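Remarks on the structure that follows.
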Amino acid sequence: MEQKSGQGGKGEEVDLIRLLFSLLDHKAMILGIMLATFLAGVLWVLVQTPVWQASALVQVDKSSGVNLLAGFSELLPDSGPQSSTEAEIIRSRMVLGKTVTELGLDTMVTPDAFPLVGAMASRLFQSAPEKLELLWCTPKDLLEERVAKLEVLDGGGYRVTPSQGEPLQGMQGKPLRFADMRLTVKAMDAAPGTIFTLRKLPLQTAIERVLQNFNVQEQGKGTGILKLTYRGSDPAYIRDVLNSLVHNYQRQHIAWRSEEVGRSLLFVDEQLPKVQEKLNQAEERLNHFRSQNDSVDLSLEAKSMLDSMVTVETGLNDLAFKEAELSKLYTHEHPAYQALVEKRRRLTEERRKLNQRVSSMPGTQQEVLRLTRDMESAQLIYTQLLNKQQELRINKASIVGYVRIIDLAATESRPVAPRKALILALFLILGAVLGCGVALLKSAFRNGLHNVRELESMDLLVYASIPWCQTLTRTLGFLRRRRYMLALAGPLALNQPDSLAAESFRSLRTSLHFALIEARNNILMVTGPTPELGKTFVSVNLATVFALGGQRVLLIDCDLRRGDVHQQLGCGNVSGLGEILRGETSASQTILQSVVPGLCVLTCGKGGNGVQEWLMSERFSALLAEVSAQYDLVILDTPPVLAVYDALIIGRHVGSTLMVARFEITTRAELETSLRRLEQNNIEVNGAILNATRLRRGEFYEYGLYHHYAYDSKP
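The working numbering applies: residue 68 is where the sequence shown begins, and numbers increase by one.
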């Protein structure tokens, strides 16, 4: 023999543990909700269209390309193309618009199918999808979406129904004109009767749809390598779209570089004749001066000064060319342009100082020095321009831009969405959260009686607490109606004598034994506040244990409206209490022997109008007096107190009254109202029974006391 007890703690810890126990009490419901949400997640995954992803790699080479600013990097910031800039160029209408036009992405063709289920069935059964290839020409300035329905006909024909207009018929391969549009069906792979929805989108709308599935990211900071990805439901389609985007992006760069080199070459071509003219003039002036002044030799100092002056003049001329290029890229306030101005100011100051030194020389040498400087500077500039011209022409003929395709588009081997494992995990978590929430709400709004102490707080003597019979529930749980389940099972105290519920009824019999001795008669009324509390179940099993104890017991079903004692005991209901009260038969002819030895039953019989008048009649009083003398105990199963007044009428004839309350169903207010009504009619309630009790872990922890008493098992 063993005994266990425990004492719960206090405070917040108790509340948290009670919440945990509440969840454990509802674990079956929580698991059921989790299973339901998991199945919903499986269904969601099945109806979702797989999403594939294609990717490509391009490199933006910042060092490629030739321009007039080469060798001028000390003045310029990093002027090569930045990855963020190139990403925006790829997303521009210039690039995407060409792809939309080339591939006809502004035309959407979808076969009409049952929403979600149609596409899912097509994927699961791997049926070949219907295909329709067409060319739909609309005005270039289309601003609103155009919609039409196309139905496939026999013999390569089709019927087009515009959203606004009459249906038109056409043939495959032949243009069909309607309104301001022209439609040409190139190929059809669909059974006659198949209907397609055609949508023609404005260019900007089509570009926005492409952008929704398109992404550009740099692979590593500062690498200049861009990864382009595109998503869609058709692996081949998204690969073709991404390849078109990559090639259009590369072609526009080549075109832009060619245009840039062309502008530089045009500038050089314009400057060459001018520089050549200056060179010729400088040579003529120098030759003319020498012919008039014989041959004049320069001193070493003068030659040194001449080299410096030529270098300065050449630098100033280079800055002039570079300023022309910078003015195309930056404003005058840009730091690069300001750096050029500063360099030109230094060279100008150096030229001024050289001129001051030249002014101190003899006049003839000054003139020779000046003319020689002009001629050599012009010759050097002319030579540089000729070299630049040849270089630009070579670059224009062989230009490739600074965009290089590393990897063409390739579709991944598996869909990237939906992520089935993640979705199922999220649905499972959602089910757990939802189940816990429902369980906690159910516990929070559960205002029925939770324990015997609540009954005792109402000054009620609690004779017994009848536990919920798990064996009966598992055995007959498949039956829908409780009364049929009990009829098939029979009295619990007879068929399952070793169950806890049967033991509780035997304890109830012991407790009632002394109370019945002191009662004014041997008639016991069993009632309850509301229906569906197990009142009849208690009456049948209480009568059974008294009969098994050797007493002669009569169970009378006093519920002339919804009585079901005969169903629980497996008896007939041809005639009963109703027929006796109407004078149609006698008690001796109506009382039946049940399957329980010593237990007789008087069923409710056929009811009718005027039930309360029958119960107030002399026949009912005489019947109770007659059976009270014939039996050791008479148990009356009455209707609920709050439903009808029958129990208030019957209670005046009994010596003892038991009130049945159901665990977590009967509320304190219902019980108090029932007791007050009985008291107002001078009916004393001897005690109460708490039926269908269950062990709630939260309640066990709160009250901190639980006892288990049993005989030790023996081998």
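C-beta: ideal position from N, C-alpha, C; glycine also. Only a predicted model underlies this, so the values are computations on that prediction, with no experimental measurement involved.
Nearest-angstrom Cα distance between P534 and T760?
5 Å
Please list the terminal residues of the continuous alpha helix (DSSP H) segment that includes Q635.
632-636
D704 bridges to which residues according to DSSP?
V593, D624
Hey, could you find the ends of the alpha helix (DSSP H) N758 is sitting in?
Per DSSP, N758 belongs to no alpha helix (DSSP H); it is in the beta strand (DSSP E), 754-760.
Could you tell me the alpha carbon to alpha carbon distance between T611 and E570, rounded to whole angstroms?
If you draw a straight line from the Cα of T611 to the Cα of E570, it comes to about 12 Å.
Closest by C-alpha distance to Q239, when choosing among G224, A246, P229
G224
Give every residue of the same chain whose Cβ lies closer than 6 Å to the Cβ of A257, excluding the five residues on either side of it in the sequence, and list them in chain order.
Apart from sequence neighbours up to five positions away, the residues of its chain that approach A257 with a beta-carbon distance below 6 Å are E197, V219, ordered along the chain.
Within this structure, are the beta carbons of L522 and V593 separated by less than 8 Å?
no
Measure the Cβ-Cβ separation of N758 and R729 and say whether it is below 8 Å.
yes
Starting from I262, trace the beta strand (DSSP E) in both directions and tell me its first and last residue.
I262 -> beta strand (DSSP E) spans 262-267.
Are S741 and V708 close, meaning C-beta to C-beta below 8 Å?
yes
CB-CB under 7 Å to Q338, same chain, minus the five flanking residues each way: which ones, in chain order?
L452
Beta-carbon proximity check, L591 vs L700, cutoff 8 Å
yes
How many Å lie between R244 and L250 at the Cα?
6 Å
Same chain, Cβ closer than 7 Å to L762, five either side skipped, listed in chain order
Excluding residues within five positions, none has a Cβ falling inside 7 Å.
Which first and last residues belong to the beta strand (DSSP E) in which Q284 is found?
First-last of the beta strand (DSSP E) with Q284: 281-285.
Own chain, CB closer than 7 Å to L87, minus 5 neighbours either side, in chain order:
none
Entirely within the stretch 393-418 and at least 4 residues each: give me those alpha helix (DSSP H) ranges in chain order.
none
Distance CB(T166)-CB(I305) smaller than 8 Å:
no
From this set, G260, V277, T261, I262, which residue's C-alpha is nearest L268's C-alpha?
With distances taken between Cα atoms, L268 lies closest to V277.
C-alpha distance - R418 paired with H399, whole-angstrom precision
R418 and H399: Cα-Cα distance of roughly 24 Å.
Selection from E731, I756, M726, S642 that minimises the alpha carbon distance to R744
M726
Take the Cβ of E737 as the centre, count every other Cβ of all protein chains shown within 10 Å, and call the residue buried at 16 or more, exposed below.
buried
From the DSSP output, read off the bridge partner residues of W67.
No statement about residue 67 is possible, as the shown extent of the chain runs from 68 to 782 and does not include it.
Selection from E351, E731, N310 that minimises the alpha carbon distance to K509
E731
Does the distance between the C-beta of E680 and the nearest non-hydrogen atom of the ligand ZN fall short of 7 Å?
What this structure holds is no ligand at all, so the ligand ZN is not there to describe.
D173: buried (16+ other C-beta within 10 angstroms of its C-beta) or exposed?
buried
Under 6 Å Cβ to Cβ from F334, same chain only, skipping five residues before and after it: list those, please.
none
Cβ distance (whole Å) where G502 is taken to contact I97 below 8 Å
3 Å
Check whether the stretch 619-628 touches the stretch 663-682, taking contact to mean three or more Cβ pairs, one atom from each stretch, closer than 8 Å.
yes
In terms of residues, what are the limits of the beta strand (DSSP E) holding G783?
Since the first and last residues shown for the chain are 68 and 782, residue 783 lies out of range.
Taking the straight line between their C-alpha atoms, what separation do you get for E599 and H517?
E599 and H517: Cα-Cα distance of roughly 17 Å.
Which residues in the same chain as K487 place their Cβ atom closer than 7 Å to its Cβ, once the five residues preceding and following it in sequence are excluded?
V112
How about L124 and K288: are their beta carbons less than 8 Å apart?
no
For R587, which of helix, strand or coil comes out of DSSP?
DSSP places R587 in coil when its eight states are reduced to three.
Proximity winner among K216, L312, Q231, relative to E169 (alpha-carbon distances)
It is L312.
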